[in-house]
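Notes follow once the structure below has been shown.
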Amino acid sequence: MTEPTFPPPDSATDLAEAPETLHEDTLWRDNGWTARIIKNEDDDGWAVEMIKDGEPEPALVGPWTMGRNKKDPKPLDTAAFNTLVKTASEVLRRHEQQLRAQLHKRVTVAAASGDGEWEVTLDIVPDEDEPYALLTALDAFGEQHAQVQVPANFKLSRASAASWVENEFRRPG
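Quick note on numbering: our numbering labels position 50 of the sequence shown as 143, and the sequence is numbered without any gaps.
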């Protein structure tokens, strides 16, 4: 039996130049994903990393099964690759949902005048140099009535939204 060959650890940059579809024992590239078996630095075993095309970092890194000789890794196959793609896609989806939840807040408040309800949203713009947020008021029909820029650390709550509406949408101080 021939020894399996492994891509060098620094070959992440080479992945962009790899063929679109590649099916090897320790490296699979297909459907916008690359699975690569790597040496597990934490122990004597193996790990697999899943990298979405165009991304600099793996979406998923997890343990990988040893082969029959208890020394080399089990080769990748279609079923394993498809499962890894599904799992890595779910990790990315959850990460995007979490990020969206951190950057977008929404509350509904009643107008003090009794004119109905306002939906007030806070959308944080995570600019590296000067992050900020947009505070927006939408009427009962979903039409934007007002929008102001506020600090990225502005705390949106029912009370702060109601205060903004009561102050006729003036920039909170």
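A virtual CB, placed ideally from N, CA and C, is assigned to each residue, including glycine.
If you run the structure through DSSP and keep just helix, strand and coil, what is Thr-119? Thr-119: coil per DSSP, three-state reduction.
Check Ala-105 in the structure and name its three-state DSSP category. For Ala-105, the predicted model reports a pLDDT of 46, less than 50, meaning its position is unreliable; a value from the coordinates is still stated below. For Ala-105, the secondary structure class from DSSP, reduced to helix, strand or coil, is helix.
Measuring straight from C-alpha to C-alpha, what distance separates Ile-211 and Ala-204? The question names Ile, but residue 211 is Trp in the sequence shown. Spanning the two alpha carbons is a distance of roughly 7 angstroms.
Let me confirm a value: Arg-161 is counted as buried when at least 16 other C-beta atoms fall within 10 Å, else exposed. Which label applies? Per the 10 Å Cβ criterion, exposed.
Taking contact to mean at least 3 C-beta pairs separated by less than 8 angstroms, is the segment 143-157 in contact with the segment 193-204? Too few Cβ pairs lie closer than 8 angstroms, so no.
Does Arg-186 come out as helix, strand or coil in the three-state DSSP assignment? Arg-186 falls in the helix class under three-state DSSP.
Residue from Phe-234, Gly-125, Lys-248, Glu-221 with nearest C-alpha to Leu-228: Relative to Leu-228, the option among Phe-234, Gly-125, Lys-248, Glu-221 whose CA is nearest is Lys-248.
Using 10 angstroms around the beta-carbon of Arg-129, count the other beta-carbons present and answer buried if the total reaches 16, otherwise exposed. Buried, by the Cβ-count rule.
Have a look at Ala-254 and Val-178 and give me their C-alpha separation to the nearest angstrom. If I take the Cα positions, the gap works out to 42 angstroms.
Classify Phe-174 as buried or exposed, calling it buried when 16 or more other Cβ atoms lie within 10 Å of its own Cβ. When all chains shown are included, Phe-174 counts as buried.
Do you know whose CA, among Leu-115, Gly-155, Thr-114, Thr-201, lies nearest Thr-180's CA? Residue Gly-155 is the option with its Cα nearest to Thr-180.
Does Glu-236 pass the burial test, meaning 16 or more other C-beta atoms within 10 Å, or should it be called exposed? So Glu-236 ends up on the exposed side.
Three-way DSSP call (helix, strand, coil) for Ala-230 in this model: Under the three-state reduction of DSSP, Ala-230 is assigned to strand.
Determine the extent of the alpha helix (DSSP H) in which Thr-259 is found, giving its start and end residues. The sequence given here places Glu at residue 259; Thr does not occur at that position. Note, Glu-259: alpha helix (DSSP H), 251-259.
Give the straight-line distance between the Cα atoms of Leu-169 and Glu-189, rounded to the nearest whole angstrom. If you take the alpha carbons of Leu-169 and Glu-189, they lie about 28 angstroms apart.
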